[in-house]
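Participant:
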Amino acid sequence: LHPKLHLMENSIKLIKACRAKWLSKIEGLSNAQLNHIPTGFNNNLAWQMGHIVVSQQILCYRLSGNQFVIPNELIDLYKNGSKPERDFSEAEIEQMKGYFSSTIDQLELDLANGIFENFTPYAISTYGGIELKSVTDAIDFVVAHDSLHYGCSLTLMKLVS
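Using the numbering used here, the letters of the sequence shown correspond one by one to residues 2 to 162.
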């Protein structure tokens, strides 16, 4: 077992648990509900889902100089500062639901294979004064970031149901 993987075991479990709960909560919502942007909001449930997938890819893979495990064209649709410019199709949403777990499974494998040795430090804009200095820092932040957006999504779910 790679030492980093052992350190990250609980964080990975938390990410998986949060994402599984999220998927169970949106089960049964229509494509229209997932795409609906309530008054006073600038995004929707579909964007929230894509955003956490893309953010994890940027924080873990881009900052360590590795290739994304999702298509590059998804990055601009969901990255920090973006917002939905169109409705996301059912196929796109299903793909994103799949990425909820497959990207974290891949992260576990890549941690075990030690591909994250290089890492460019990154200051988090969300929380001033926090700098990610390693992939373990990035994964810890993904736990907090996923949870933040899960909370936002719980509010959006109430407004679209």
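The beta-carbon is built from N, C-alpha and C at its ideal position, and this holds for glycine as well.
1. Taking the runs of the alpha helix (DSSP H) that are 4 residues or longer, which of them lie wholly in the region 40-125?
2. Go through its chain and collect everything with a Cβ distance to I16's Cβ below 7 Å, but skip five positions before and after it.
3. If I follow the unbroken alpha helix (DSSP H) through Y128, where does it start and stop?
4. Across which residues does DSSP place L149 in a beta bridge pair?
5. Leaving out the 5 sequence neighbours to the left and right, which residues in its chain are closer than 8 Å to N43 when beta-carbon positions are compared?
6. Which first and last residues belong to the alpha helix (DSSP H) in which L35 is found?
7. Quick one: is G51 buried, meaning 16 or more other Cβ sit within 10 Å of its Cβ, or exposed?
8. Roughly how many angstroms separate the alpha carbons of L108 and I140, rounded to a whole number?
Facilitator: Here's the rundown:
1. 46-58, 74-79, 91-113
2. Only residues of its own chain outside the window of five on either side were considered, and among them I105, V143, V144, D147 have a CB closer than 7 Å to the CB of I16, listed in chain order.
3. Premise fails: Y128 is in no alpha helix (DSSP H) and is neither H nor E.
4. L149 pairs with nothing; no bridge assigned.
5. K84
6. 32-36
7. buried
8. Distance from the CA of L108 to the CA of I140, rounded to the nearest whole angstrom, comes to 10 Å.
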